[in-house]
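Enquirer: Whatever position you read off the sequence shown (first residue = 1), add 14 for the working numbering.
By construction, the Cβ of each residue, glycine as well, lies at the ideal position given by its N, Cα and C atoms.
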Amino acid sequence: MAAIATEAAQVFLEQVPDYEPAAVRAAVFRLLEQAPPPIRRGDRVLIKPNFLAPASPRRAITTHPQVVRAAAEWALARGGSVLVADSPGTGSFERLLREGGYAAALAGLPLAIRPFRDTARVDIGPPFGAIAVAREALEADVVLNLPKLKSHCMMLLTLGVKNLFGCIVGLAKPEWHLRCGIDRASFARLLVGVCDAVGPAVTLLDGILALEGDGPGKGGTPRPVGMLAASASAPALDAAVCRLLGLRPEELPTHAAAAERGLLPAAIVLEGPRPQVVGFRLPVLAPLTFGPRRLEHLLRMHLVQRPALKPGVSCAGCGECARACPAAAIAPGRGRLDFDYRRCIRCYCCVEMCPHGLLRTAETRPGRWLRRLAALRDRIGRRPGRR
Ligand code: SF4
Ligand code: SF4
């Protein structure tokens, strides 16, 4: 079922201060009644949370278990046969269920919860063609997409569209990063293609405790925002959330890709209380490809932010970052980490996957000079009297 662009899309908002179960349940139910997924008795319902890695809900890198529980209860009450599934980037699924609080929160509910097991090929259009996506997502009658509001060092934010990249199973994720990760626009097209192929009936965003700074993994910083949001259109929801955070939706790489594909509505209507969010910290996105093609590699090497250990920390040598690296550009060792920046494609999967949150994106010195020069040029250009 493909998402369909409409004249106007509604995005429903709820203000929820914390994860008190009754309040979360009531708010999720209100949202799902306003943007109701069409569940009939016996329908296969896939709930797709963000299960990035095993982590306490206090780290704000995964969709909160109370939000997952409330959505599952709503679907079960309508007679759906519910599967909660994702393809986590790292760690065992059992640990994720335990540490993430899902085993406890979902106990007693008649549903299945497991990683995606199988794939099927689906044509997501040019330039990618037919690609392998979780079969469970493609064959579900109804998909409920439950992203977490997080900053993202490559794609600025991870919201509704980006969450469905989890339907690319296992090692195919780093492969796709390698194939189009150096080109943010191309990666955004892939994300939008997957989202369109999966066609979530509703996207319900957990932004009660969001993640800012060096997200989307444990390097980010939890930030209370107190918001749940839902829409039948994932791109519309993403655009609305950008505005609520004080950003232009065009700053989100997936926005342009959704527009190209005709998935953006002509208007977005916000319904419900708007959160007051000031100074949400985002990563600086430097272009990953620029300059003459023959100099691209050299420019990227010297000007684009690179992954690095945070100052003053000691690497535990677990090797998760090296396993996640699609370019085989990391050699871990106890206490230190060697990056081969000539191989590195700046996809930042390693930053996302470090289970200890020890990695960050670091500006290069020439990159910092260039950014300052560009800011200075913009300031001079904006002086009164200048055109
Ligand atoms: S070192 Fe990190 S940023 Fe570079 S290619 Fe590997 S995972 Fe991506
Ligand atoms: S940086 Fe993090 S993921 Fe990489 S080896 Fe060190 S502790 Fe493990």
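Rounded C-beta distance between A74 and L225? I'm assuming under 8 angstroms.
Expert: Yes, A74 and L225 are in contact; Cβ-Cβ is about 4 angstroms, under 8 angstroms.
Enquirer: Kindly indicate the opening and closing residues of the beta strand (DSSP E) around G174.
Expert: Segment G174 to N177 is the alpha helix (DSSP H) holding G174; no beta strand (DSSP E) there.
Enquirer: Rounded to whole angstroms, what's the CA-CA distance from A22 to P287? Just pull it up for me.
Expert: 19 angstroms
Enquirer: Less than 8 angstroms separating the Cβ of L372 from some heavy atom of ligand 2?
Expert: yes
Enquirer: Considering only residues of the stretch 257-293, which uninterrupted beta strand (DSSP E) runs meet the minimum length of 3 residues and lie entirely inside it, listed in chain order?
Expert: Listed in chain order, they are 281-285.
Enquirer: Measuring CB to CB, does E108 end up less than 9 angstroms from R131?
Expert: no
Enquirer: Give every residue of the same chain whose Cβ lies closer than 6 angstroms to the Cβ of Q24, excluding the five residues on either side of it in the sequence, and list them in chain order.
Expert: V283 and E285
Enquirer: Please state if the CB of S101 and the CB of K187 are separated by a distance shorter than 9 angstroms.
Expert: Contact flag set, yes.
Enquirer: If you run the structure through DSSP and keep just helix, strand and coil, what is C329?
Expert: It is a strand residue.
Enquirer: Tell me M241's beta-bridge partners as DSSP assigns them.
Expert: Q29 and G221
Enquirer: Report the three-state DSSP secondary structure of Q319 (helix, strand or coil).
Expert: In this structure, Q319 counts as coil in the three-state DSSP scheme.
Enquirer: Tell me whether G66 counts as near ligand 2, meaning its Cβ is closer than 8 angstroms to at least one heavy atom of that ligand.
Expert: Note on identity: in this sequence residue 66 is Leu, with Gly being the wrong assignment. It does not: the Cβ of L66 is nowhere closer than 8 angstroms to a heavy atom of ligand 2.
Enquirer: Using CA coordinates, which residue listed in K232, P321 and C364 is at the minimum distance from A336?
Expert: C364
Enquirer: Name, in chain order, the residues that DSSP records as bridge partners for I61.
Expert: I61 pairs with V98 and L158.
Enquirer: Using the DSSP secondary-structure output, state which residues sit across from K164 in a beta bridge.
Expert: T172 and L225
Enquirer: Q24 bridges to which residues according to DSSP?
Expert: V283
Enquirer: What I want to know is whether the C-beta of R357 ends up closer than 8 angstroms to one or more non-hydrogen atoms of ligand 1.
Expert: It does: the Cβ of R357 is within 8 angstroms (strictly closer) of some heavy atom of ligand 1.
Enquirer: Buried or exposed for S247, please, with buried defined as at least 16 other CB atoms from any protein chain shown within 10 angstroms of its CB.
Expert: buried
Enquirer: For P102, verify whether its CB is less than 8 angstroms away from any heavy atom of ligand 2.
Expert: no
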